[in-house]
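Single-structure report; data block below.
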Amino acid sequence: MSDMNKPNEQANSTSGETLSLNDDRRVKTLSPGALVVKRFFRNRLAVLGLVILAIMFLFSFVGGMISPYREDEQFYTYTYMEKEYVGVTRNEDFRYVSAEGADFGSAAQAQFLMAQMMGKTEFDYKDVTYGVAEEGKDFYSVSVDGSVIAIAYKDIVNAADNKEEPAFNVKYEALKLYTNDGTGSFTADGMELSLDEDGNILQGEEVLGYISRFVVQSKENGVVIPRDFKESLEQVLDAEGTEFAYTGEDGEEHNYTITYDASTKIWSVMQETETYVYSQYEAPSAKHPLGTDTNGMDMLTRLMYGGRVSLIIGFIVVVIECLLGVILGGLSGYFGKWVDNLIMRIVDIFYCIPSMPLIIILGAAMDGMRVDPKLRMLYLMLILGILGWPGIARLVRGQILSLREQEFMTATEACGIRVSRRIFKHLIPNVVPQLIVTCTMQLGSVMLTEATLSFLGLGVKFPFASWGNIINDVKNSYVLTNYWFIWIPAGVCLSLAVLGFNFVGDGLRDAFDPRMKR
Amino acid sequence: MRTYIIKRILLSVLILFSVTLIIYAVLRCLPASYVESMAMQLATAPGAKPYEEWIAQLNASYGLDKGIIAGYFTWLGDFARGNFGDSWKFTVPVVEKFHDVVWLSFVMSAISFTLQILIAIPLGIIAATKQYSRTDYVITAGALLGISLPPFFFATLLKLVFAVNLQWFDVSGLVGRTYAQLDSWGQFMDKAHHLVLPIATLVITSIGPLMRYTRTNMLEVLNADYIRTARAKGLSEHTVVYKHAFRNTLVTLVTIIGGSLPGFFTGALITETLFSIPGIGFTSYQSMIIGDIPFTMFYMTFIAVLTLASNLLTDILYAVVDPRVRIA
Numbered sequence: 002m003s004d005m006n007k008p009n010e011q012a013n014s015t016s017g018e019t020l021s022l023n024d025d026r027r028v029k030t031l032s033p034g035a036l037v038v039k040r041f042f043r044n045r046l047a048v049l050g051l052v053i054l055a056i057m058f059l060f061s062f063v064g065g066m067i068s069p070y071r072e073d074e075q076f077y078t079y080t081y082m083e084k085e086y087v088g089v090t091r092n093e094d095f096r097y098v099s100a101e102g103a104d105f106g107s108a109a110q111a112q113f114l115m116a117q118m119m120g121k122t123e124f125d126y127k128d129v130t131y132g133v134a135e136e137g138k139d140f141y142s143v144s145v146d147g148s149v150i151a152i153a154y155k156d157i158v159n160a161a162d163n164k165e166e167p168a169f170n171v172k173y174e175a176l177k178l179y180t181n182d183g184t185g186s187f188t189a190d191g192m193e194l195s196l197d198e199d200g201n202i203l204q205g206e207e208v209l210g211y212i213s214r215f216v217v218q219s220k221e222n223g224v225v226i227p228r229d230f231k232e233s234l235e236q237v238l239d240a241e242g243t244e245f246a247y248t249g250e251d252g253e254e255h256n257y258t259i260t261y262d263a264s265t266k267i268w269s270v271m272q273e274t275e276t277y278v279y280s281q282y283e284a285p286s287a288k289h290p291l292g293t294d295t296n297g298m299d300m301l302t303r304l305m306y307g308g309r310v311s312l313i314i315g316f317i318v319v320v321i322e323c324l325l326g327v328i329l330g331g332l333s334g335y336f337g338k339w340v341d342n343l344i345m346r347i348v349d350i351f352y353c354i355p356s357m358p359l360i361i362i363l364g365a366a367m368d369g370m371r372v373d374p375k376l377r378m379l380y381l382m383l384i385l386g387i388l389g390w391p392g393i394a395r396l397v398r399g400q401i402l403s404l405r406e407q408e409f410m411t412a413t414e415a416c417g418i419r420v421s422r423r424i425f426k427h428l429i430p431n432v433v434p435q436l437i438v439t440c441t442m443q444l445g446s447v448m449l450t451e452a453t454l455s456f457l458g459l460g461v462k463f464p465f466a467s468w469g470n471i472i473n474d475v476k477n478s479y480v481l482t483n484y485w486f487i488w489i490p491a492g493v494c495l496s497l498a499v500l501g502f503n504f505v506g507d508g509l510r511d512a513f514d515p516r517m518k519r
Numbered sequence: 174m175r176t177y178i179i180k181r182i183l184l185s186v187l188i189l190f191s192v193t194l195i196i197y198a199v200l201r202c203l204p205a206s207y208v209e210s211m212a213m214q215l216a217t218a219p220g221a222k223p224y225e226e227w228i229a230q231l232n233a234s235y236g237l238d239k240g241i242i243a244g245y246f247t248w249l250g251d252f253a254r255g256n257f258g259d260s261w262k263f264t265v266p267v268v269e270k271f272h273d274v275v276w277l278s279f280v281m282s283a284i285s286f287t288l289q290i291l292i293a294i295p296l297g298i299i300a301a302t303k304q305y306s307r308t309d310y311v312i313t314a315g316a317l318l319g320i321s322l323p324p325f326f327f328a329t330l331l332k333l334v335f336a337v338n339l340q341w342f343d344v345s346g347l348v349g350r351t352y353a354q355l356d357s358w359g360q361f362m363d364k365a366h367h368l369v370l371p372i373a374t375l376v377i378t379s380i381g382p383l384m385r386y387t388r389t390n391m392l393e394v395l396n397a398d399y400i401r402t403a404r405a406k407g408l409s410e411h412t413v414v415y416k417h418a419f420r421n422t423l424v425t426l427v428t429i430i431g432g433s434l435p436g437f438f439t440g441a442l443i444t445e446t447l448f449s450i451p452g453i454g455f456t457s458y459q460s461m462i463i464g465d466i467p468f469t470m471f472y473m474t475f476i477a478v479l480t481l482a483s484n485l486l487t488d489i490l491y492a493v494v495d496p497r498v499r500i501a
């Protein structure tokens, strides 16, 4: 004994601070946990994964709070949109007006049309001989016994705004002038009237009506097209122009473009109007760093909230899987015999169910039932959890089967510890390292499954965002090619988060299992 | 051995029974089914019977008027007799449709699986022999990246780069616009050209696990005593790695390859759907979302049977390649 102490004494004598060789303080002791941590942090990939995860969590959970916008806040913008304002057709059919008291029905009109086509000057109908006289271009008068009873014309005589329909004689006289390219004054029904170059019928300065070949129809309900608009439109049409500007009564000038559809013979006049719309697919700017999505919502904010949803769903699903897996796997492994047999057969059944098709079918079913989006998220988590536990149950069972044969378990039995305590206090903690590794990797794969479902439109639904359903927008190939900022950031976030979980899980596996080290 | 296999097969039948019952029950619980929409459509035809009569008639003809259990046993009886029914969506016998589309998926999976093996195993070996080197980090990170990439996102990226920007490939579909005018070689090349992007997606997104398995197994074997002995004998490093070590990892690889056999026939649902490749994955997806019970039942039962068969096969193979494994 004294011999053995000798070197220590020597050491102590040379330097008071030097510790003895077998002094515990010379040896740096680390708990198994600390060893795991040390090994974990030596793995560069694992640390990188941890950093990625930290950034993702900050982005999703803190980012959502900092962001100035709400998850479903929509942004609007003014845009110029071309709306069809009026449709214009050129009248190519005869219209008829008969004098007061005279009868010129549709059968007689048909007879007239035939006579006109054949160039006859009279026709017979019901024992009456009608005389046809061409009074001007596309303008005919029909007379019986020398007195005009009806006129047929293509240039339409309209009443001016807020005026009564012009009388027969007024129309007759005005058309007579108009169709012969004449202007000037005429008398009808004792009124002194005049016709100007634009086809307006004037009484003094007052406009009673106007003559035009064009029929202008408003495409919007309750909009009365003013006469001067029609007039300027007519001038443009005559000149075969395609654009014009018109200042309305409200003093606002609007631009109009005219398109002609040859098959229907209709001119469409499009009005450029300022419209208040969702600011859809707005390019990235200082206000919206990642632009806006199809509903005019801020993309960056959606991305943050989407991350929150994706991560929370991943966590809850893994917690459900763990609870079911640890309880059933633990029972199975500990009790063995018929309990084990029964639970393992259930596990076999779950393993055999094609999970992705089943989840898709259930998703389609929820679509059909129009489940509320919030409730749907809950169901989704339950379904994923219930389909995912068998893997964990198998892992736990396998571990417990080997652990329960070890001496410390015999010791717990000898000490008379309760069964539940034996399982959950002495067996399960020994399974935890393996469980943590599996759960970390599982988190990644659950997030992938959820994203895939949301991408197919069967997972998380609008108004909630998830990284998967943000990418769903690329189903529209225009978005795919033109709006990278809609789907690439979400895909990158998703891939990074899953990568983070996989790196960390891989690092943990290496750290917990030092046999893999050289 | 024989009693073990018989026991396993009997057990598989029992499992299959439960699995199909569960799937059938889920399918029958679907609301707004195909039948309802068809009845709605038929009832709107001029002079047609009212909706209620149509739906009763259709339900009877599709065997939906029975309860779930009775309906299941009718289905099971038909199934056992080899009568799988007609697909509602495709209006042809289920087997015919399945036969039409499954081989395309099979070819796709076979090609991508071969590529995976050819790429993953050498890389896994390299990573293991140079553990903790830069090469190892790159390969491990690459494998994990492959696992982490969502197939739908990766496929879309490939589309954007190679189909939209570079215009080397078509965005989707199996055949090009000029397919009908091509001779048989040209048609073959056209199809092959359209399969490049889908197969690339499949290979890259599913190569990770195989690579990691190879690496882990190699590491385990390289730490074994007999490898130290081989090195001590003065064998070249090449002989040690490829003759002594790699051959011993084949045991586990065989089981993995056996386990991925069902994948050859189940198709790649997401990839096929994204690229509109008319394989079994795309077809089954279409039938699933409209609730085509005969086709979906057939497809899911088929997968279940394949899974059970491959599990059994894997266990037997394991015993065959590794004499240490005894089957009890």
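Residue numbers (our numbering), protein chains in the order written: chain A, 2 to 519; chain B, 174 to 501. We put the CB at the ideal spot given by N, CA and C, even for glycine. All figures in this text were calculated on a predicted structure; none of them were measured in a lab.
(1) Three-state secondary structure (DSSP) at serine 421 of chain A?
(2) Tell me, please, which residues DSSP counts as bridged to valine 216 of chain A.
(3) Counting only runs of 3+ residues fully inside the stretch 416–497 of chain B, write out the beta strand (DSSP E) ranges in chain order.
(4) By Cβ distance, which residues of its chain are closer than 8 Å to leucine 188 of chain A, with the 5 residues on each side in sequence left out?
(5) Counting only C-beta atoms, is alanine 314 of chain B closer than 7 Å to chain A at any point?
(6) Cβ of threonine 480 of chain B less than 7 Å from any chain A Cβ?
(7) Which residues does DSSP list as the beta-bridge partners of isoleucine 312 of chain B?
(8) Do we get a CB-CB distance below 7 Å when we pair serine 483 of chain B with the residues of chain A?
(9) Suppose the cutoff is 7 Å on Cβ atoms and the five residues either side in sequence are ignored; what does the same chain contact list for glutamate 322 of chain A look like?
(10) Since methionine 1 of chain A is in the beta strand (DSSP E), which residue starts that stretch and which ends it?
(11) Can you grab the Cα-Cα spacing for the pair isoleucine 535 of chain A / isoleucine 472 of chain A, in whole Å?
(12) Can you tell me the Cα-Cα spacing of serine 280 of chain A and tyrosine 70 of chain A, whole angstroms?
(13) Would you kindly check if the distance between the Cβ of isoleucine 372 of chain B and the Cβ of glycine 319 of chain B is under 7 Å?
(14) Can you give, in chain order, each stretch of the alpha helix (DSSP H) that sits fully within the stretch 317–360 of chain B and has at least 4 residues?
(15) Entirely within the stretch 385–431 of chain A and at least 3 residues each: give me those beta strand (DSSP E) ranges in chain order.
(16) Report all residues from its chain with a CB closer than 6 Å to the CB of tyrosine 484 of chain A; omit the five preceding and five following residues, and keep chain order.
(17) Measuring alpha carbon to alpha carbon, tell me which of A:Glu135, A:Gly330, A:Val38 ends up nearest phenylalanine 113 of chain A.
(18) Label phenylalanine 342 of chain B either buried or exposed according to how many other C-beta atoms from any shown protein chain fall within 10 Å of its C-beta, with 16 as the threshold for buried.
(19) Once DSSP output is grouped into helix, strand and coil, what is the label at glutamine 117 of chain A?
(20) Output the boundary residues of the alpha helix (DSSP H) element that contains glutamine 230 of chain B.
(21) Give me the Cα-Cα distance between histidine 366 of chain B and alanine 336 of chain B, rounded to the nearest whole angstrom.
(22) Relative to the C-alpha of serine 61 of chain A, which candidate in A:Gly369, A:Arg27, A:Cys494, A:Gly508 has its C-alpha closest?
(23) Let me see if you follow: with CB-CB separation under 7 Å, is methionine 470 of chain B close to chain A or not?
(24) Let's see if you can read the secondary structure: which residues bound the beta strand (DSSP E) around serine 99 of chain A?
(25) So that I know if they touch, is there some Cβ in chain B lying closer than 7 Å to that of leucine 59 of chain A?
(26) Identify the contact partners of leucine 359 of chain A in chain B, using a Cβ-Cβ distance below 8 Å as the criterion.
(27) To test your reading of the DSSP string, which unbroken alpha helix (DSSP H) runs of 4 or more residues are found completely within the stretch 188–275 of chain A?
(28) DSSP has serine 144 of chain A in a bridge; who is on the other side?
(29) Using the Cα positions of valine 221 of chain A and glycine 369 of chain A, report the straight-line distance between them to the nearest angstrom.
(30) If you compare alpha carbons, which of B:Phe271, B:Phe419, B:Ala283 is closest to glutamine 459 of chain B?
(31) What does the alpha-carbon distance come out to for the pair glycine 436 of chain B and serine 282 of chain B?
(32) Just checking aspartate 299 of chain A against the ligand ADP - is the residue's beta carbon closer than 6 Å to any of the ligand's heavy atoms?
(33) What does a CB cutoff of less than 8 Å around phenylalanine 456 of chain A pick up in its chain, not counting 5 residues either side in sequence?
(34) Where does lysine 84 of chain A sit, in a helix, a strand or coil, going by DSSP?
(35) Does the beta carbon of asparagine 6 of chain A come closer than 7 Å to any beta carbon on chain B?
(36) Any beta carbon of chain A sitting closer than 7 Å to that of alanine 373 of chain B?
Working from what's here:
(1) The three-state reading of DSSP puts serine 421 of chain A in helix, counting H, G and I together.
(2) A:Thr90.
(3) Segments of the beta strand (DSSP E) lying fully in the stretch 416–497 of chain B: there are none.
(4) The sequence as given places threonine at residue 188 of chain A; leucine does not occur at that position. Within the same chain, Glu174, Leu194 come within 8 Å of threonine 188 of chain A by CB-CB distance, once the 5 residues on both sides are set aside.
(5) True, the Cβ-Cβ gap to chain A drops below 7 Å.
(6) Yes, threonine 480 of chain B counts as interfacial toward chain A.
(7) Under DSSP, isoleucine 312 of chain B forms no beta bridge with any residue.
(8) Interface annotation, serine 483 of chain B: not in contact with chain A, CB-CB separation never under 7 Å.
(9) The residues are Gly386, Gly389, Trp390, Ile393, Gln443.
(10) The structure shown does not extend to residue 1 of chain A, since chain A is modelled only from 2 through 519, so no value can be given for it.
(11) Residue 535 of chain A lies beyond the range of chain A shown here (2 to 519); nothing can be said about it.
(12) Going from the Cα of serine 280 of chain A to the Cα of tyrosine 70 of chain A covers about 14 Å.
(13) Cβ distance not < 7 Å, so glycine 319 of chain B and isoleucine 372 of chain B don't count as in contact.
(14) Segments of the alpha helix (DSSP H) lying fully in the stretch 317–360 of chain B: 324–331.
(15) Whole beta strand (DSSP E) segments, 3+ residues: zero.
(16) Within the same chain, tyrosine 484 of chain A has close Cβ partners Tyr282.
(17) Taking only the C-alpha atoms, the option nearest phenylalanine 113 of chain A is A:Glu135.
(18) The residue is buried, with at least 16 neighbouring Cβ atoms inside 10 Å.
(19) Reduced to three states, the DSSP call for glutamine 117 of chain A is helix.
(20) Element bounds for glutamine 230 of chain B: 224–234.
(21) Between histidine 366 of chain B and alanine 336 of chain B, the C-alpha separation is close to 12 Å.
(22) Answer by Cα proximity: A:Cys494.
(23) Against chain A, the CB of methionine 470 of chain B has no partner CB under 7 Å away; the residue lies outside that interface.
(24) First-last of the beta strand (DSSP E) with serine 99 of chain A: 96–99.
(25) By this cut-off, leucine 59 of chain A is not an interface position.
(26) The contacting residues are Ile196, Val199, Met473.
(27) Counting only unbroken stretches of 4 or more residues, the alpha helix (DSSP H) elements lying wholly within the stretch 188–275 of chain A are 228–239, in sequence order.
(28) Paired residues: A:Gly132, A:Val149.
(29) Correcting the residue type first, residue 221 of chain A is glutamate in the shown sequence and not valine. When rounded, the distance between both Cα atoms is 37 Å.
(30) In terms of CA proximity to glutamine 459 of chain B, B:Phe271 leads the group B:Phe271, B:Phe419, B:Ala283.
(31) For the pair glycine 436 of chain B and serine 282 of chain B, the Cα-to-Cα distance works out to about 7 Å.
(32) Within the structure as shown, the ligand ADP is missing, as the structure has no ligands at all.
(33) Same-chain partners within the cutoff: Gly469, Asn470, Ile472, Asn473.
(34) Strand, per DSSP.
(35) Its pLDDT being 47, under 50, asparagine 6 of chain A is placed unreliably by the model, and nothing is read from it.
(36) Output row for alanine 373 of chain B: interface = no.
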